[in-house]
Amino acid sequence: MSATTPSRLEKIIAAGHLAVTSECGPPRNGDPEVVSRKAELLRNHVDAINVTDNQTAVVRQCSLASCIRIKLLGLEPVLQMVTRDRNRIAIQSDLLGATSFGVHNILCLTGDHQRFGDHPTSANVFDMDSTRLIQTVRMMRDEGRLLGGHQMEEGRPQMFIGAAENPFADPFEIRVLRLAKKVAAGAQFIQTQCIYNMEKFKLWMKQVRDEGLHEKVAVLAGITPIKTVGMAKYMKNKVPGIDVPEAVIKRIAGVPKENQAEEGIKLCLEQIEELKEEEGIMGFHIMAIEWEEKVPEIVERAGLFPRPAVNGSE
Amino acid sequence: MSYPTNLRIVKVPCTGRVAAIHLLRAIEKGADGVFIAGCMEGDCHYQEGNLRAKKRVTYIRGLLESIGVDRERVAMYNLSAGMGPRFAEIAQEMTDKIRQLGPLVKSTNAGKEVVA
Amino acid sequence: MIMAKPKKAEEIISRVKDFSRVLVAGCKGCVAICEAGGQKEVEVLASAMRIHFSQIGKRIEIDEVSLSRQCDKEYLQELADSIDSYDAVISLACGAGVQFLTEMYGEKPVFPGVDTCFIGVTEEQGVWSERCQACGNCMLGETGGICPITRCSKRMLNGPCGGSENGKCEISLLVGRDVACGWHLIYERLKKLGELERFRRPSEDKDWTASRDGGPRQIIRKDVRP
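Residue numbers (this note's numbering), protein chains in the order written: chain A, -15 to 298; chain B, 2 to 117; chain C, 73 to 298.
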């Protein structure tokens, strides 16, 4: 695959390197410093930084504003966009705004239901879903056209299009069919839900390879280090779509409280090493929620530092 | 067997025959309390008539409470046909309870069914 | 059909407490079937209200009527002779019926006696579930007879999302009951029908003009007009 957009992430993958991305959760207020601080922690250690979009339907500073901030710091943002809160008019409008600031990566998501968040009484939008969003970005980029037909002569989005997949959601058989659909719609990279059930993940990867999808889309494996056994249990029981095997809980619970964080890091490093050998894995998406300061250490200990240089990247 | 004279007994073939409205009508027409005496659970001759009655009693108790009438004025009891003394006991118990709650204001409010 | 649930008696009472002659008007259509606004419910509500007002010493006349439907003028007509003698009406019809009654007898305050909820089916006595969102552009033929607009909490056309677990929608955790994942149901059905190829193809765009988003709707059929 050769890169077609100015996206640094795309260039890294096209050059055959393992990509590293991480994420940044904006604050629940208008503080301009939080995102800058979190992004700076990741400088030189990741190829691109995702900014979440009102994750779990909890109101935070918008992803677009944070992506602009990251861009202005000379770093590479990935605009996460959910379809829960905006219709096709607002979506295309935000995409044009992102384009005007040189945002070259987008992760197309449907979004957690608003009943999970802190405004459960709100209406939702869902004018389109993630697959349709992927198609929309592709149309704007490759044809220069808006959904309503307007033709853009210049200023077309030049975005590397990503989507999320959850190998641990049900029905299992359908996960690969859905991935095929997203690829057909235009998805170029995938970031998966965080992995703890290695067996199930490898089974999914095998199906991905059997469909030939690994040659059409770059799969970045989701990695989230466990900080405490409480966190592991919470993810297992309260967060839909995350599969945490008992063995993992036991392992973390088996060490004294003050050692659990290091055990969690050890586990995630083992996962990274194991997945480096998995055909079709093109990189890692490290989501260290409210633990961003650990990401540089993880990247270094995983042997993924320094990040490669690529042509034309900042 | 003797039981309090303030009792007005309405016989039905099965307590399942008692609709929610009947409980309210009794009160509208001057009763200070209403109780349904049905067969022991599991012994209903018509399968589950007494279970339906129980649900209706529960519903009406809740409705009465929401409009400011003590829910204890409506109750469901279960006994078999042969339990004469138990019936007298229930009647006395209910009477005592209603006496304690006091009389309801007698309904002077009218209502009719409009023939459309 | 249209499913509704009764409003709380206290709420209805608070609306009409200052009137002297009130009519409780039920409907023998949809709301009777879901036991919210039929004749039985009219009787119970009217009786409970009379008892309440007696206890607080208020004189009020509360009458009862049940119409075949309140969404057709010919049935609402039946009230023409009697309606003037009331100062307020409580309609136990669905939202459409309440409004139509108001359109016909607008000088009277009309209060709703039920909360109209959805278009649905009777799964079993006492359990009614939503099935149709009236999007105006039925696509049931493409999804094995299961509606993604209604049964997917996110009305996805390319579902399921990543929160589908054990055939349940992610909101099941929050709403205290199991909500089936609409797309899980569609998947199982298409599998049975041998139509799984559909899952590979991104779906067509949805035109929401025919739904609520396009504005209040109307159907005009010249072929059946007089």
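Idealized CB from N, CA, C, for every residue including glycine.
Item                                                                                                                                          : Value
CB contact check: residue 219(C) to chain A, cutoff 7 angstroms                                                                               : no
Residue 279(A): CB within 6 angstroms of a non-hydrogen atom of the ligand GTP                                                                : Among the components modelled here there is no ligand, and therefore nothing to report on the ligand GTP.
Below-7 angstroms beta-carbon distance, residue 135(A) vs any chain C residue                                                                 : no
Short CB-CB distance (under 7 angstroms) between residue 119(A) and chain C                                                                   : yes
Interface residues of the stretch 87 to 106 of chain B facing chain C [CB-CB below 8 angstroms]                                               : 105 and 106
Inter-residue Cα distance where the pair is residue 219(C) and residue 259(C)                                                                 : 12 angstroms
Cutoff 6 angstroms; reference residue 83(A); Cβ partners in own chain excluding five residues on either side                                  : 141
Below-7 angstroms beta-carbon distance, residue 27(A) vs any chain D residue                                                                  : You won't find chain D in this structure, because its protein chains are A, B and C.
7 angstroms CB neighbourhood of residue 16(B) in its chain, flanking five on each side removed                                                : 37, 39, 50, 51 and 54
7 angstroms Cβ cutoff, residue 230(C) in contact with chain A                                                                                 : yes
7 angstroms Cβ cutoff, residue 81(A) in contact with chain C                                                                                  : no
Paired residues, beta bridge with residue 147(A) - DSSP                                                                                       : 92(A) and 174(A)
Residue -1(A) versus residue 264(A): straight-line alpha-carbon distance, rounded                                                             : 15 angstroms
Three-way DSSP call (helix, strand, coil) for residue 280(C) in this model                                                                    : helix
Test: residue 64(B) CB closer than 7 angstroms to a CB of chain C                                                                             : yes
Validate contact between the stretch 181 to 193 of chain A and the stretch 183 to 196 of chain C using beta carbons, cut 8 angstroms, 3 pairs : no
Residues, ordered as in the chain, of the stretch 94 to 128 of chain A that lie near chain C by beta-carbon distance below 9 angstroms        : 94, 95, 96, 97, 99, 100, 104, 108, 110, 111, 112, 113, 114, 115, 116, 118 and 119
Span separating the alpha-carbon of residue 105(B) from that of residue 153(A)                                                                : 60 angstroms
Residue 80(C) versus residue 128(C): straight-line alpha-carbon distance, rounded                                                             : 19 angstroms
Chain-ordered chain B contacts of residue 82(C) [CB-CB under 8 angstroms]                                                                     : 67 and 68
Residue 30(A) (DSSP reduced to helix, strand or coil)                                                                                         : coil
Boundaries of the alpha helix (DSSP H) in which residue 165(A) is found, first to last residue                                                : 156 to 169
Sheet register partners of residue 285(C) (DSSP bridge)                                                                                       : Paired residues: none, contrary to the question.
C-beta neighbour in chain B for residue 141(C), strict 7 angstroms                                                                            : no
Whole beta strand (DSSP E) elements within the stretch 77 to 134 of chain C, 3-residue minimum                                                : 93 to 99
Check whether residue 208(C) and residue 126(C) have beta carbons under 7 angstroms apart                                                     : no
Within 7 angstroms of chain C by C-beta, residues of the stretch 17 to 37 of chain B in sequence order                                        : 21, 22, 25, 26, 28 and 29
For residue 263(C), three-class secondary structure by DSSP                                                                                   : helix
Alpha-carbon spacing of residue 266(A) relative to residue 240(A), whole angstroms                                                            : 35 angstroms
Nearest-angstrom Cβ-Cβ length linking residue 23(A) and residue 2(A), presumed shorter than 8 angstroms                                       : About 21 angstroms separates the two Cβ atoms, so there is no contact after all.
Best match in 7(B), 85(B) and 87(B) for proximity to residue 34(B) [C-alpha to C-alpha]                                                       : 7(B)
Chain C contact residues for residue 154(A), given Cβ-Cβ distances below 9 angstroms                                                          : 232, 236, 237, 238, 239, 240, 253 and 256
Proximity of residue 111(A) and residue 71(A) at Cβ, strictly below 7 angstroms                                                               : yes
Same chain only: Cβ atoms within 8 angstroms of residue 8(A), ignoring 5 sequence neighbours per side                                         : 19, 22, 23, 26, 33, 34, 35, 36, 50, 54 and 276
Length of the line joining the Cα atoms of residue 257(C) and residue 217(C)                                                                  : 10 angstroms
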